[in-house]
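First the structure, in the form of structure tokens, and then the observations on it.
Protein chains: 2
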Amino acid sequence: MALADPSHPTCTAARYAEGVQGGYSPNVPTNRKPRVTIDQVAQATGVSRQTVSRAINNKTEIDPETRQRILDAAQAMGYRPSRFARGLVRQDLITIGLVIADVLNPFFPEVTAGVLEAAERRGWQVVVYNTGSERRKELEVVDMLFDQVDAGVAFLLHHDAIAKATAGNLPFVLLDKGGRAPAVPGVRIDFEGGARRGLEYLIGRGHRRIAMLDDEAYLSAEAPNTRRELYLKVMGEHGIPVDINWIQPAHNSIDGGAAAMERLLSAHRDVTAVFAYNDLIAIGAQLRARALGLRVPEDCAFLGFDGLSIGELVEPPLTTLHIDKRRLGEIAVEQAALLLGGMSEDEIPEAVIEPQLIVRASA
Amino acid sequence: MALADPSHPTCTAARYAEGVQGGYSPNVPTNRKPRVTIDQVAQATGVSRQTVSRAINNKTEIDPETRQRILDAAQAMGYRPSRFARGLVRQDLITIGLVIADVLNPFFPEVTAGVLEAAERRGWQVVVYNTGSERRKELEVVDMLFDQVDAGVAFLLHHDAIAKATAGNLPFVLLDKGGRAPAVPGVRIDFEGGARRGLEYLIGRGHRRIAMLDDEAYLSAEAPNTRRELYLKVMGEHGIPVDINWIQPAHNSIDGGAAAMERLLSAHRDVTAVFAYNDLIAIGAQLRARALGLRVPEDCAFLGFDGLSIGELVEPPLTTLHIDKRRLGEIAVEQAALLLGGMSEDEIPEAVIEPQLIVRASA
DNA sequence: GTGAAAGCGCTAACAA
DNA sequence: TTGTTAGCGCTTTCAC
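Below is the structure:
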């Protein structure tokens, strides 16, 4: 079950390695050729730099013949306008930063799809950053953001990273604002409603010994973890005692879910259902459980969270709390647009995504 | 099997919609506040703009007290340095453009992971563009690239888009250069070797009636399609007659593979194996075949191409030709670095990724 | 420790 | 149709 293992031995770039002979020397641009400027093109073609600008930008007020001559020369000289010089003078080039935890978790490509689409509609560029949910990395990326983009749309776990991001002067939107103040722009995913619906479904099906496979990243982050708290709360409300060892931390991946499930089973073979932090963990857990001889859902039922497409691929298909991830990305960009448009943070309309229980065969 | 359906009814942002009342008006920044400049901060604090610059950039030659005063004022005034002005003066801020076909195809997140990592090591930003492999979109994106980035790393299908991209003055690397001239920088994925190994494996297992589920996007693109040609060639070499209707075009997705499989079966229930353009199509096909009562691999075997992680999730696990997608992304960035460093296009070392046959249970 | 001057490469506005 | 002038907002000299 070594999924997406970067050191996978079955794949090589052998001939490439040969071809390199001595290897690349990253970071050391040996021979950086100096930029060709508009003035040089102007000089070479004997016109003013304004005329070159007209040719390059396809303006109308220019002799077609001159334009072609200039274009050819520019091409031949290797001229390309500097985006910095351009951006300085035209104030309408917008770039937003999209910060995600992990490209390899299918949750984020879907969010990204929504962000890219919404951004494209507005003619914005999107710079992508990956944090792995590491605190250090999150802080670093937030710093980058201030320097490099006009607005940030971010999935951030750590409190200090969020604090830093929202304290600055950069329009900033959280992809999961959790229980934060209304004045912090961002989308709220109603984990409370979702988790409650999911757990009550399990309880309604007669389950009493329900384990939870939690995301271990929350252990180190000083972030409120709604899913775990909700689990405790709902179980309490229904008067169902919870053994604290039913909660197992898992790395946020399929392998992580599998490992956590194995740990859980070695201590508590008697659990009848598993409420997982998300689909990735649920899928790994379910796969491992079956490999260890359990029948799903008869011996153990599995409930995921996220509604990833791949949940439909596994056997049996995963019951889950589906989040409209694409819409999440779109809304975030819409909020960024409002902020960029001058709206103050507390005027941004409240945005809530409601997870929906999708009952398939695993629970 | 409606995977990743954007119009999925099970997910809403109802309260948000309520909250919006009248809706967002995208593209119409109502109230765009003018940029606060360094001069304004200087004026407000009674120092020169130079000193403000020192404070902002953490230079040493400045009175700590002055610095703090300036920083506070800047923060209060909502000052943020313009990246354009900065970039104009410091020539070391590099942004590359990553062009992919579809974020939702797990192939690309893996490539993206490699690109992001390699770019981060160099302190580069990565702007991401999604084309859906539409010709129009590809051409558009290539244009953007010229304006917006310092180098391009792209997965492009259409010949004219590639021609345009490589003709310009932008350092440009193809993520799949196919059979293009050595002087076109890019990574070559050895589909020929891969497909041959895969098909000969099937043939070796006794299969004679081997169908192919092809990517329909290649039908419209004037691109060479190695996988299909190889299929024909290898079958020919082994003296195995091919019914042209064994080749079914499929949309590049799980649903697409499923639909194509259904079409194939309605005409040719007698095929014993399927060679799919990629894993997504193979998975959809296999799922549908099983849903229609076929046993895999007994009645029909399936061979994918790509080596996606999700191939391990399906039942039975997918036999596939694995490509090291992450490495692919990394190599492309390394090539871009060489180009950016001044190396000429024909000096870039040859890079080949060798697909590896991973035999699992589906074939 | 601080300021003044120069200029990065481009486009908008105005003249010619 | 073309050229000239004036910045865009910042950092890098180089004085003080």
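Line order of the protein sequences matches chains A and B. Just so you know, the numbering used here puts 295 at position 310 of the first sequence, and the rest follows in order with no gaps. Just so you know, the numbering used here puts 325 at position 340 of the second sequence, and the rest follows in order with no gaps. The C-beta atom is built at its ideal place from N, Cα and C for all residues, glycine as well. Owing to the predicted nature of the structure, the values given are computational and were not obtained by experimental measurement.
Closer than 8 Å at the beta carbon, the chain A residues around residue i
i: alanine 70 of chain B; result: Phe69, Leu73
i: tyrosine 186 of chain B; result: Those within 8 Å of tyrosine 186 of chain B in chain A number zero; the least Cβ separation is about 14 Å.
i: isoleucine 268 of chain B; result: Leu298
Among the options, the one whose alpha carbon lies nearest that of residue i
i: glycine 31 of chain B; options: B:Arg52, B:Leu124, B:Lys44; result: B:Arg52
i: phenylalanine 69 of chain B; options: A:Gly224, A:Leu101, A:Phe131; result: A:Phe131
i: lysine 18 of chain B; options: A:Leu277, A:Ala317, A:Pro156; result: A:Pro156
i: asparagine 263 of chain B; options: B:Ala322, B:Glu125, B:Phe287, B:Gly117; result: B:Phe287
i: isoleucine 365 of chain B; options: B:Ala40, B:Thr45, B:Pro94; result: Here chain B has residues from -14 to 348 only, and residue 365 of chain B is not among them.
i: histidine 253 of chain B; options: B:His223, B:Pro209, B:Asn230, B:Phe92; result: B:Asn230
i: threonine 22 of chain A; options: A:Gly289, A:Gly292, A:Pro94, A:Ala59; result: A:Ala59
i: methionine 62 of chain A; options: A:Ala86, A:Val37, A:Leu83; result: A:Val37
i: isoleucine 328 of chain B; options: B:Ala27, B:Asn237, B:Val169; result: In the sequence on display, residue 328 of chain B carries methionine and not isoleucine. Here the closest residue by C-alpha is B:Val169.
i: arginine 355 of chain B; options: A:Val96, A:Arg20, A:Glu332, A:Arg106; result: Outside the displayed range of chain B (-14 to 348) lies residue 355 of chain B, so it cannot be described from this structure.
i: arginine 312 of chain A; options: A:Ser238, A:Thr80, A:Glu102; result: A:Glu102
i: leucine 298 of chain B; options: A:Leu215, A:Leu124, A:Ala267; result: A:Ala267
i: arginine 165 of chain A; options: A:Lys310, A:Glu335, A:Pro66; result: A:Glu335
i: aspartate 240 of chain B; options: B:Gly269, B:Glu214, B:Met220, B:Ala321; result: B:Gly269
i: arginine 106 of chain B; options: B:Ile79, B:Thr116, B:Glu222; result: B:Ile79
i: alanine 402 of chain B; options: A:Arg121, A:Gly72, A:Tyr64; result: Because chain B is modelled from -14 through 348, residue 402 of chain B falls outside the range shown and cannot be assessed.
i: valine 227 of chain B; options: B:Ala235, B:Ala202, B:Ile195, B:Leu141; result: B:Ile195
i: leucine 323 of chain A; options: A:Ala98, A:Met220, A:Ala136; result: A:Ala136
i: alanine 86 of chain A; options: A:Glu119, A:Val100, A:Lys44; result: A:Glu119
i: glutamate 185 of chain B; options: B:Asn115, B:Gly224, B:Ala202; result: B:Gly224
i: phenylalanine 93 of chain B; options: B:Val256, B:Asn237, B:Ala276, B:Arg280; result: B:Asn237
i: arginine 212 of chain B; options: B:Val112, B:Leu279, B:Arg181; result: B:Arg181
i: leucine 342 of chain A; options: A:Gly289, A:Phe140, A:Asp128, A:Val259; result: A:Gly289
i: glutamate 300 of chain A; options: A:Gly314, A:Arg275, A:Asn42, A:Ile188; result: A:Arg275
Residue i - partner residues in DSSP beta bridges
i: valine 172 of chain B; result: B:Ala336
i: tyrosine 114 of chain A; result: A:Val84
i: threonine 304 of chain B; result: B:Leu288
i: leucine 342 of chain B; result: B:Leu306
i: valine 138 of chain B; result: B:Leu83, B:Val158
i: valine 259 of chain B; result: B:Ala196, B:Phe287
i: alanine 235 of chain A; result: A:Asp200
Chain-ordered chain A contacts of residue i [CB-CB under 9 Å]
i: tyrosine 262 of chain B; result: Chain A residues near tyrosine 262 of chain B: none, gap ~18 Å exceeds 9 Å.
Cutoff 6 Å; reference residue i; Cβ partners in own chain excluding five residues on either side
i: glutamine 233 of chain A; result: Leu198, Ala245, Arg248, Leu249
i: valine 5 of chain A; result: Any reading at valine 5 of chain A needs caution, since the residue's pLDDT is 29, under 50, leaving its predicted position unreliable; the model's value is listed next. Around valine 5 of chain A: no qualifying Cβ.
i: glycine 171 of chain A; result: Val158, Leu159, Lys162
i: valine 344 of chain A; result: Thr304
i: asparagine 154 of chain B; result: none
i: isoleucine 316 of chain A; result: Val172, Ala336
Spatial neighbours of residue i in its chain, beta-carbon cut-off 7 Å, leaving aside the 5 residues before and after
i: glutamate 283 of chain A; result: none
i: isoleucine 308 of chain B; result: Ile174, Asp291, Gly292, Ile338, Pro340
i: arginine 273 of chain A; result: Ala243, Met246, Glu247
i: isoleucine 47 of chain A; result: Thr36, Arg39, Ala40
i: aspartate 77 of chain A; result: none
Partners in chain B for residue i, counting only beta-carbon separations shorter than 7 Å
i: glutamine 133 of chain A; result: Arg68, Gln110
i: tyrosine 64 of chain A; result: Asn154
Chain-ordered chain B contacts of residue i [CB-CB under 8 Å]
i: leucine 101 of chain A; result: Val88, Val113, Tyr114, Asn115
i: glutamine 271 of chain A; result: Ordered by position in chain B, no residue passes the 8 Å Cβ test against glutamine 271 of chain A, which lies about 10 Å from the chain.
Partners in chain A for residue i, counting only beta-carbon separations shorter than 7 Å
i: isoleucine 295 of chain B; result: Ile295, Leu298
i: proline 94 of chain B; result: Val88, Leu89, Pro94
Where residue i meets chain B, residues with beta-carbon distance less than 9 Å
i: glutamine 60 of chain A; result: Ala152, Gly153, Asn154
Sequence-distant residues of the same chain with beta carbon closer than 8 Å to residue i, five excluded per side
i: tyrosine 1 of chain B; result: In this prediction, tyrosine 1 of chain B has a pLDDT of 35, which is less than 50 and means its spatial position is unreliable; what the coordinates show is noted afterwards. Excluding residues within five positions, none has a Cβ falling inside 8 Å.
i: isoleucine 295 of chain B; result: Pro91, Asp264, Ile268
i: valine 26 of chain A; result: Arg34, Val37, Ile55, Ala58, Ala59, Met62, Tyr64
i: leucine 124 of chain A; result: His143, Asp145, Ala146, Lys149
> Going along the chain, which unbroken runs of the beta strand (DSSP E) with 3 or more residues stay wholly within the stretch 153 to 201 of chain B?
Replying inline: 157 to 159, 172 to 174, 195 to 200
Quick one: complete alpha helix (DSSP H) runs, 4+ long, within the stretch 262 to 286 of chain A?
-> 264 to 276
Which ranges does the beta strand (DSSP E) cover as unbroken runs of at least 3 residues, wholly within the stretch 34 to 99 of chain A, from first to last along the chain? 80 to 85
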